[in-house]
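Residue numbers (the working numbering): 51 to 558.
Cβ coordinates follow ideal geometry from the N, Cα and C atoms, glycine included.
Report on the structure given below.
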RNA sequence: GCUCCCGUAGUCUAGUCCGGUCAAGGAUCCGUGGCCUUCGACCACGAAACCCGGGUUCAAAUCCCGGCGGGAGCACCA
């Protein structure tokens with residue numbers, strides 16, 4: 051009925067008008083209210099980022115629509131060298147879910163469940179549908195490509211069962227044997243031909259150590275867990291459609307009715323090049339400022355920038371469940387966020403790359419001015435700003451307006467000199483009038499009230515500048531708008547009064 | 001190459017299943033004006049689209065056929 055309320059997340063009440071388009075969300079096949087069981091399956095290799103948002107919010111959305119359960123299942127099988135499971139990521143992801151407002155009804159760890167996969171493997175073997183292959187990986191791949199059967203493909207059930215037991219007993223080293231499904235060597239999709247179900251690894255797992263050597267691959271583990279955990283609908287990206295087919299194949303083989311599948315297409319945010327493995331390296335090496343570094347585009351970095359999870363959710367859900375692969379500019383997310391924060395955000399003055407300007411003929415006695423904290427909302431109060439004959443203006447502003455009359459916003463008008471300043475030579479401007487005229491309006495900070503500010507930007511760059519004194523009293527994590535610059539959020543680890551004032555840039 | 005998916009304004013999306021109410025709606029972006037102290041917000045106005053070609057039909061964005069274009073997957077990763 052009320053699509054916006056469904057989509058908007060917690061802050062929706064504050065949004066004045068319908069904002070985002072509502073994407074299309076089809077009904078789940080055969081879904082019964084209160085009986086739907088969905089799952090979130092993050093791989094613990096880094097903080098959740100903007101690219102994971104769709105998984106989170108789409109599943110949460112359907113859980114809300116049907117009133118069912120949402121399970122969190124850490125997909126922490128053994129991974130690879132490049133995709134490593136690291137112990138700290140479990141809590142990191144739990145924290146990210148909390149931040150996103152996604153509260154799973156139960157949490158599972160695949161690594162706890164490894165042993166329960168073995169009997170299922172045995173059932174598949176007993177049906178004559180799997181065999182132990184000892185081909186080297188390269189040969190296996192080559193055979194698959196050419197549709198050639200390796201000698202072991204014709205194993206009897208008893209032989210397969212014995213070899214499988216040898217795998218479990220540790221008779222094979224990593225890479226020496228795998229359990230493969232017998233599909234069709236001439237399947238049109240080469241990837242589907244006799245896929246590997248289990249492999250051997252003796253890598254130390256952060257949760258279960260070396261307790262298991264035989265690890266299931268994603269499709270098999272899910273074919274089992276979707277049944278054992280009674281998942282009713284699997285909603286995931288379309289990059290995993292081949293896995294659907296594998297799961298169905300296994301269920302058909304065992305005569306089981308499994309959940310149904312639903313997918314969405316690839317969603318890229320143009321500005322965000324996300325890579326968990328790159329972020330992991332940079333965080334570990336200290337190049338990034340932790341997992342909240344803006345360059346990670348992690349949920350926590352967005353939060354740090356003052357982008358609300360409600361805005362992210364609305365943004366994410368606005369694309370519906372379209373199977374098209376899309377690329378969206380971050381501006382769309384920013385617009386969504388702006389709608390939420392603009393009306394509650396105080397205005398402050400900030401001058402990047404400041405240059406000193408002395409005003410000749412400055413009216414004596416004009417030492418301060420009282421300004422509204424928000425141009426349209428008197429309720430947000432006023433503050434007093436120190437003014438004086440000496441100001442700091444943004445170099446860019448000054449250079450752009452040389453020789454012209456400009457207005458120091460909310461204060462008075464001056465004429466800037468004709469020529470650019472040389473070196474550190476102070477700029478001399480001339481007072482013209484106080485009347486409010488249509489002139490270019492420049493941000494300023496009075497020399498007496500100026501406090502140093504450092505803005506952390508989206509590319510991880512630090513922009514120093516000067517801001518007005520009132521900034522010193524903002525609480526950490528407060529969001530303010532630097533007029534004509536954009537919305538910024540005070541950093542969590544900044545204490546009021548400390549300089550430089552540390553803020554993180556959010557968006558225009 | 002093989003398998004699958006997708007083509008509505010610059011971008012995203014509604015509509016496509018069940019053809020007419022769609023001379024196509026919304027968001028964002030862009031432009032203009034207003035509000036007269038933000039390059040923000042808000043208000044008003046404006047620009048801007050059914051991939052192409054056939055067919056069926058009184059009627060096609062919607063159905064059929066054929067092209068073309070874009071994307072994803074193709075691991076002993078998840």
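On a CA-only basis, which of the options is nearest residue i? Give me that one, please.
i	options	result
residue 76	357, 348 and 108	108
residue 242	300, 249, 139 and 219	300
residue 473	490, 499, 445 and 487	445
residue 95	85, 239, 334 and 524	334
residue 411	464, 259, 193 and 323	464
residue 143	494, 527, 341 and 278	341
residue 396	430, 366 and 376	430
residue 495	458, 528 and 527	458
residue 460	215, 507, 307 and 422	422
Please state whether DSSP places residue i in a helix, a strand or coil.
i	result
residue 535	coil
residue 360	helix
residue 78	coil
residue 463	strand
residue 85	coil
residue 323	coil
residue 310	strand
residue 35	The chain is shown from 51 up to 558; residue 35 falls before or after that span and cannot be answered.
residue 119	strand
residue 333	helix
residue 136	coil
residue 107	helix
residue 509	coil
residue 242	helix
residue 156	strand
residue 201	helix
residue 519	helix
residue 492	strand
residue 169	helix
residue 210	helix
residue 504	strand
residue 341	helix
Ordered along the chain, which non-local residues of its own chain (more than five positions away) have a Cβ less than 8 Å from that of residue i?
i	result
residue 510	338, 339, 343, 344 and 345
residue 176	207 and 211
residue 379	319, 320 and 321
residue 501	516, 517, 518, 519, 521, 522, 549, 550 and 551
residue 452	466, 467, 468, 469 and 470
residue 372	73, 74, 314 and 315
Excluding five sequence neighbours on each side, which residues of the same chain lie with their C-beta closer than 7 Å to the C-beta of residue i?
i	result
residue 110	120 and 152
residue 291	313
residue 558	384 and 536
residue 547	522
residue 101	324
Kindly list the residues whose CB is nearer than 6 Å to the CB of residue i, restricted to its own chain and excluding five residues on each side of it in sequence; keep chain order.
i	result
residue 471	477
residue 484	462
residue 270	247
residue 115	none
residue 504	512, 514, 550 and 552
residue 409	439, 464, 479 and 481
Would you mind reading off the limits of the beta strand (DSSP E) that contains residue i?
i	result
residue 229	228–231
residue 177	Where residue 177 is concerned, there is no enclosing beta strand (DSSP E), given that its DSSP letter is neither H nor E.
residue 384	Taken as a continuous stretch (DSSP letters only), residue 384 belongs to no beta strand (DSSP E), being part of the alpha helix (DSSP H) at 380–391.
residue 483	477–483
residue 253	Note, residue 253: premise wrong, no beta strand (DSSP E); not H, not E.
residue 406	404–410
residue 456	455–458
By the DSSP assignment, the alpha helix (DSSP H) with residue i in it spans what residues?
i	result
residue 222	Here residue 222 belongs to no alpha helix (DSSP H), and DSSP marks it neither H nor E.
residue 293	291–304
residue 195	187–196
residue 271	268–278
Below 8 Å on the Cβ atoms is my contact criterion, and I expect residue i with residue j to pass it. Report the Cβ-Cβ distance as a whole number of Å.
i	j	result
residue 532	residue 400	4 Å
residue 245	residue 231	5 Å
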